[in-house]
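A.B. asks: Those protein sequences? They're chains Z and W, same order as listed.
Each residue of the first sequence is one higher than the one before, counting from 643 in the numbering used here.
Each residue of the second sequence is one higher than the one before, counting from 643 in the numbering used here.
Structure incoming, see below.
2 protein chains.
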Amino acid sequence: MTLDELIKTPGEWLRGTGPLSDIVVSSRVRLARNVADFPFLSTAGASERTEICRHVSDGISRTSLSKDSLFVNVQEADVLDQQVLVERHLISRQHAASEGSRGVVIAHDETHALMINEEDHLRMQAFRSGLQLEALWEDINAVDDAVAAQVSFAFDRQFGFLTACPTNVGTGLRVSVMLHLPALKMTREIERVARAARDMHLAVRGLHGEGTEAAGDLYQVSNQTTLGKTEEGIVRTFQSTIIPKIVEYERAARESLLKHSATALDDKVWRAFGILSHARRISSEETQALLSPIRMGVNMGRFDVIDIHTLNELFLYTQPAHLQKRHGKPLSDDDRDVARAEYLRKQLLHTR
Amino acid sequence: MTLDELIKTPGEWLRGTGPLSDIVVSSRVRLARNVADFPFLSTAGASERTEICRHVSDGISRTSLSKDSLFVNVQEADVLDQQVLVERHLISRQHAASEGSRGVVIAHDETHALMINEEDHLRMQAFRSGLQLEALWEDINAVDDAVAAQVSFAFDRQFGFLTACPTNVGTGLRVSVMLHLPALKMTREIERVARAARDMHLAVRGLHGEGTEAAGDLYQVSNQTTLGKTEEGIVRTFQSTIIPKIVEYERAARESLLKHSATALDDKVWRAFGILSHARRISSEETQALLSPIRMGVNMGRFDVIDIHTLNELFLYTQPAHLQKRHGKPLSDDDRDVARAEYLRKQLLHTR
Chain Z
643 MTLDELIKTP
653 GEWLRGTGPL
663 SDIVVSSRVR
673 LARNVADFPF
683 LSTAGASERT
693 EICRHVSDGI
703 SRTSLSKDSL
713 FVNVQEADVL
723 DQQVLVERHL
733 ISRQHAASEG
743 SRGVVIAHDE
753 THALMINEED
763 HLRMQAFRSG
773 LQLEALWEDI
783 NAVDDAVAAQ
793 VSFAFDRQFG
803 FLTACPTNVG
813 TGLRVSVMLH
823 LPALKMTREI
833 ERVARAARDM
843 HLAVRGLHGE
853 GTEAAGDLYQ
863 VSNQTTLGKT
873 EEGIVRTFQS
883 TIIPKIVEYE
893 RAARESLLKH
903 SATALDDKVW
913 RAFGILSHAR
923 RISSEETQAL
933 LSPIRMGVNM
943 GRFDVIDIHT
953 LNELFLYTQP
963 AHLQKRHGKP
973 LSDDDRDVAR
983 AEYLRKQLLH
993 TR
Chain W
643 MTLDELIKTP
653 GEWLRGTGPL
663 SDIVVSSRVR
673 LARNVADFPF
683 LSTAGASERT
693 EICRHVSDGI
703 SRTSLSKDSL
713 FVNVQEADVL
723 DQQVLVERHL
733 ISRQHAASEG
743 SRGVVIAHDE
753 THALMINEED
763 HLRMQAFRSG
773 LQLEALWEDI
783 NAVDDAVAAQ
793 VSFAFDRQFG
803 FLTACPTNVG
813 TGLRVSVMLH
823 LPALKMTREI
833 ERVARAARDM
843 HLAVRGLHGE
853 GTEAAGDLYQ
863 VSNQTTLGKT
873 EEGIVRTFQS
883 TIIPKIVEYE
893 RAARESLLKH
903 SATALDDKVW
913 RAFGILSHAR
923 RISSEETQAL
933 LSPIRMGVNM
943 GRFDVIDIHT
953 LNELFLYTQP
963 AHLQKRHGKP
973 LSDDDRDVAR
983 AEYLRKQLLH
993 TR
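Here it is in structure tokens:
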């Protein structure tokens, strides 16, 4: 299993299937853990950091998780490979950009990715396409049990699992769901929804997490705090209340658009397709912005020139690092925009 | 010969041929005349106006000009028909919008159109595609001679032909050339060219003359005054100096774009095509704005999906009145935008 093999498909988070997948692109749960008897990374020196990395990766390699999985030494990976992992949501931007010993263990089907030495010694993530948090909770528990059998985690009877950042102390759990909310954006209701979410102590973030734009109208909704809540409670509230409610709002906004401005809606979708399939140079941001109405059009049954699978491929492979990997070499900004337009034309005109 | 037959082709001014036709869409000369012993229209009453109209049209009907030509009673024509004539540049917007007896005699091939009771009793116009002012000067002289043999024009030995507006007194001649100047617009040199033209007492106007926008980057350049200049002098200066100079500037701007940003240029052309061929609703203004880079692309040999003939048809038939005439009935603004998009798709996707 190599990184080059990995990038041949869009992976789990863009599989485009699963419950409510017309709006919920994917679900993720992650657990933050630190190894007992080692300092947190904020105070660890370079050699301790290296020791932690080795200790954790050795532990993982003794579990069945290491079967059919890929270990990437993020410290030694070149920038393009680091960026590929970020674009696939397997590591965070912070993990790519930080320094020192660090790595990630990735399941061949990308259903889990274990970041070593991100903010905590170990951040275990499990992914599923669509809204599948309860299944993910079982997935991540199995991962946690397997690793915990090999590595002793820092745990306090009163506080629970100890983590670098207080918001993670306790369960160390973060539940996050990637939602496609173009209609709420178009009708300008997104701000109201985001405010309501914040009132419920949820974080609403862009495509690549904290401080990023909601490129392509993709929003990540996640819990902010974990202390004092049961893990099952958090997962259940997300799965059965919070996310279905947001999905309901988006559905209502789509129906309202359809009722009051179906032509405007179709026009937006078709123009996006017209530009994507004819441009001679195009940025990653514009590509994502234009793919968004098309995704909505396909999911609303108003556009059938391409399918969700193709759309997800376009979404992933037009991003800078994937584009360059497929091209076989690094490209300047300008050359990327031209190569991206060429790729889009080839894919989109082929489908006609 | 009926108006419905006339609109089947784009007519002379959009024929797309003739010298320098990659930049000079068409040339026009017009002569302003008033009938001797009748008051100017500014002081004429309704019945005098009617008498003038009858007198002039009777005079024209006795010439060979009336053969194969169409007389439109502009006063009685419905708004859609009036607007069709404006869109074809056969009558002015003022002529369409004014009141009282008025009409126009149009040659079947639209090489001339004689407006009766516009600002003057008679405004004789001759048109040719491309830059052909000297030939037009002969055309209009033949028209003038024919009409003058039947109608006695107001003439003063000192001032020449008398006209309603002092700027026309003397020769009554206006020479105007419709230029397509997208590169000067893109490079923002158009303002400099327009200033230089104004310094030479030329008027630079939009698609439909005074006070109109340069829709589709089409600019009308014409002489401002006629008193004290010979007609041949005005025509010659336009034909051999003024227009070739502006054409040269536009060519230089196009070459500069090609040299410094060929990809940006192609991108602009292809995106315009992508939008025009996929939109589900589109305004007349946006259509003209998007047809402009395509026209440039075709004329620069960088775009061959459609030809100039088709482009000129699209330019004319997407305008509001032509669109409604072809549709067979008046349409609301919204319905026009949808019908326009349908028409464009049909024409453009057919060409692929």
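Backbone N, C-alpha and C fix where the C-beta goes; we use that ideal spot for every residue, glycine too.
#1: Apart from the five residues on each side of it in sequence, which residues of its chain come closer than 6 Å, Cβ to Cβ, to Arg765/Z?
#2: Would DSSP call Asn941/Z helix, strand or coil?
#3: Cα-Cα, which of Arg730/Z, Glu690/Z, Met828/Z and Thr692/Z is closest to His902/Z?
#4: Under 8 Å, with one C-beta from each stretch per pair, do the stretch 759-779 of chain W and the stretch 687-706 of chain W reach the 3-pair mark?
#5: With respect to the alpha helix (DSSP H) encompassing Phe682/Z, which residues constitute its N-terminal and C-terminal limits?
#6: Answer yes or no: does any C-beta atom of chain Z fall closer than 9 Å to that of Asp787/W?
#7: Alpha carbon to alpha carbon, how far is His920/W from Lys709/W? Give it in angstroms, no decimals.
#8: Let me make sure I understand the geometry here. Which of Ile948/Z, Thr879/Z and Leu826/Z has the alpha-carbon closest to that of Val889/Z?
#9: Below 9 Å on C-beta distance, what does Gly916/W contact in chain Z?
#10: Please confirm whether any heavy atom of the ligand ADP lies closer than 8 Å to the CB of Thr867/Z.
#11: According to the neighbour-count rule (16 or more other Cβ atoms, all chains shown, within 10 Å of its Cβ), is Ala739/Z buried or exposed?
#12: Determine the chain W residues that contact Asn905/Z at a beta-carbon separation under 7 Å, and present them in chain order.
#13: Given that Asp908/W touches chain Z, what residues does it touch there, using C-beta distances under 7 Å?
#14: Quick check on the DSSP output: the alpha helix (DSSP H) that includes Asn783/Z runs from which residue to which?
#15: Output yes if chain W places a C-beta closer than 9 Å to the C-beta of Asp976/Z; else output no.
#16: Could you tell me whether the Cβ of Ala806/Z comes closer than 9 Å to any Cβ of chain W?
#17: Does chain W have any CB closer than 9 Å to the CB of Ala825/Z?
#18: Okay, do the stretch 792-812 of chain Z and the stretch 908-925 of chain Z touch, 3+ Cβ pairs below 8 Å being the bar?
#19: Mind checking if Ala983/Z is an interface residue toward chain W, Cβ cutoff 9 Å exclusive?
#20: Could you tell me the distance, in whole angstroms, from the CA atom of Pro661/Z to the CA atom of Glu752/Z?
#21: Pick out whichever of Thr644/W, Met643/W and Ile665/W has its Cα sitting closest to the Cα of Val940/W.
#22: Measuring only the C-alpha atoms, how far is Tyr959/W from Gln724/W?
#23: Do you know how far the Cα of Glu741/W is from the Cα of Leu722/W?
#24: Assuming Thr883/W and Val789/W are in contact, meaning their beta carbons sit under 8 Å apart, how far apart are those beta carbons, in whole angstroms?
#25: Please identify the residue among Val819/W, Ser771/W and Ala906/W whose C-alpha is closest to the C-alpha of Ser864/W.
#26: Quick one: grab the DSSP three-state call for Arg978/W.
#27: Answer with buried or exposed for Phe769/Z, where buried requires no fewer than 16 other C-beta atoms within 10 angstroms of its C-beta.
#28: Could you check the C-alpha separation between Glu647/W and Lys967/W for me, to the nearest Å?
#29: Tell whether a beta-carbon distance below 9 Å holds between Asp908/W and Arg937/W.
#30: Can you tell which of Asp976/W, His750/W, Met842/W and Ile782/W has its C-alpha closest to the C-alpha of Glu654/W?
#31: Look at the alpha carbon of Arg994/Z and the alpha carbon of Gln862/Z, and state the distance between them as a whole number of angstroms.
#32: Would you decide whether Asp781/W is buried or exposed? Buried here means 16 or more other CB atoms lie within 10 Å of its CB.
#33: Classify Arg847/W as helix, strand or coil using the three-state DSSP reduction.
#34: Per DSSP, what are the beta-bridge partners of Phe795/W in this structure?
#35: Which residues does DSSP list as the beta-bridge partners of Leu712/W?
#36: Would you call Glu927/W buried or exposed, if buried means 16 or more other Cβ atoms sit within 10 Å of its Cβ?
C.D. replies: In this structure, then:
#1: Walking along the first sequence from the start, residue 765/Z turns up at place 123. Hits under 6 Å: Arg672, Ala674 and Met757.
#2: The count along the first sequence starts at 1 and reaches residue 941/Z at position 299. If DSSP states are grouped into helix, strand and coil, Asn941/Z belongs with the helices.
#3: The residue given as residue 902/Z occupies position 260 in the first sequence. Of Arg730/Z, Glu690/Z, Met828/Z and Thr692/Z, the residue nearest in Cα terms is Met828/Z.
#4: yes
#5: Within the first sequence, numbered from 1, the residue matching residue 682/Z stands at position 40. No alpha helix (DSSP H) holds Phe682/Z; DSSP gives it neither H nor E.
#6: Here residue 787/W corresponds to residue number 145 of the second sequence, with the count starting at 1. So no, Asp787/W is outside the interface.
#7: In the second sequence, residue 709/W corresponds to position 67, counting from 1. In the second sequence, residue 920/W corresponds to position 278, counting from 1. Near 44 Å, if we compare the C-alpha coordinates of His920/W and Lys709/W.
#8: Along the first sequence, one-based indexing puts residue 889/Z at 247. When only C-alpha atoms are compared, the closest one is Leu826/Z.
#9: The residue given as residue 916/W occupies position 274 in the second sequence. Correct list: Arg913, Phe915, Gly916, Ile917, Leu918, Ser919, His920 and Ala921.
#10: As for the ligand ADP, it is missing from this structure, which has no ligand bound.
#11: Locating residue 739/Z in the first sequence gives position 97, counting from the first residue. Answer is exposed; the Cβ neighbour count stays below 16.
#12: Residue 905/Z sits at position 263 when you count from the first residue of the first sequence. Note on identity: in this sequence residue 905/Z is Thr, with Asn being the wrong assignment. Neighbours of Thr905/Z on chain W, chain order: Arg922, Arg923 and Val980.
#13: As a position in the second sequence, residue 908/W is number 266, starting the count at 1. Those are Arg922, listed as they occur along chain Z.
#14: Translated into the one-based positions of the first sequence, residue 783/Z becomes position 141. It spans Leu775 to Ala790 - the alpha helix (DSSP H) in which Asn783/Z sits, taken as one unbroken run.
#15: Counted from its first residue, the first sequence places residue 976/Z at position 334. True, the Cβ-Cβ gap to chain W drops below 9 Å.
#16: Sequence index remark: in the first sequence, residue 806/Z carries index 164 (1-based). Judged by the 9 Å Cβ criterion, Ala806/Z is not in contact with chain W.
#17: Taking the first residue of the first sequence as position 1, residue 825/Z is located at position 183. No, Ala825/Z lies away from the interface with chain W (no Cβ there is under 9 Å from its Cβ).
#18: no
#19: By 1-based counting over the first sequence, the position of residue 983/Z is 341. With 9 Å as the cut-off, Ala983/Z counts as an interface residue toward chain W.
#20: Position 19 of the first sequence, counted from the start, is the residue given in the question as residue 661/Z. Position 110 of the first sequence, counted from the start, is the residue given in the question as residue 752/Z. Each residue's alpha carbon lies about 18 Å from the other.
#21: As a working mapping, residue 940/W is identified with position 298 in the second sequence. Checked all of Thr644/W, Met643/W and Ile665/W; the closest Cα to Val940/W is Ile665/W.
#22: Here residue 959/W refers to the residue found at position 317 when the second sequence is read from its first residue. Here residue 724/W refers to the residue found at position 82 when the second sequence is read from its first residue. So the alpha carbons of these two residues sit roughly 15 Å apart.
#23: Locating residue 722/W in the second sequence gives position 80, where the first residue counts as 1. Locating residue 741/W in the second sequence gives position 99, where the first residue counts as 1. Rounded to the nearest angstrom, the two C-alpha atoms are 16 Å apart.
#24: In the second sequence, the residue the question calls residue 883/W occupies position 241. In the second sequence, the residue the question calls residue 789/W occupies position 147. Actually they are not in contact, since the Cβ atoms of Thr883/W and Val789/W sit about 30 Å apart, beyond 8 Å.
#25: Here residue 864/W refers to the residue found at position 222 of the second sequence. Among Val819/W, Ser771/W and Ala906/W, the Cα nearest to that of Ser864/W belongs to Val819/W.
#26: Position 336 of the second sequence, counted from the first residue, corresponds to residue 978/W. Here Arg978/W sits in helix by DSSP.
#27: Your numbering for residue 769/Z matches position 127 in the first sequence. Per the 10 Å Cβ criterion, buried.
#28: Here the question's residue 647/W lines up with position 5 in the second sequence. Here the question's residue 967/W lines up with position 325 in the second sequence. Each residue's alpha carbon lies about 11 Å from the other.
#29: The residue labelled residue 908/W in the question sits at position 266 within the second sequence. The residue labelled residue 937/W in the question sits at position 295 within the second sequence. No, they are not a contact pair.
#30: For the purposes of this step, residue 654/W is taken as the residue at position 12 of the second sequence. Comparing Cα positions, the closest option is His750/W.
#31: Translated into the one-based positions of the first sequence, residue 994/Z becomes position 352. Translated into the one-based positions of the first sequence, residue 862/Z becomes position 220. The predicted model places Arg994/Z with a pLDDT of 46, which falls under 50 and marks its position as unreliable; any figure quoted below should be read in that light. So the two alpha carbons sit approximately 33 Å from each other.
#32: By one-based count along the second sequence, residue 781/W stands at place 139. Asp781/W comes out buried.
#33: Within the second sequence, the letter at position 205 stands for residue 847/W. Here Arg847/W sits in strand by DSSP.
#34: Position 153 of the second sequence, counting from 1, holds the residue named residue 795/W. Bridge partners of Phe795/W: Val677/W.
#35: Taking the second sequence and counting its residues from 1, one reaches residue 712/W at position 70. According to DSSP, Leu712/W bridges with Ile748/W.
#36: Within the second sequence, residue 927/W is the residue found at index 285, counting from 1. The residue in question, Glu927/W, is exposed, as its Cβ has fewer than 16 Cβ neighbours within 10 Å.
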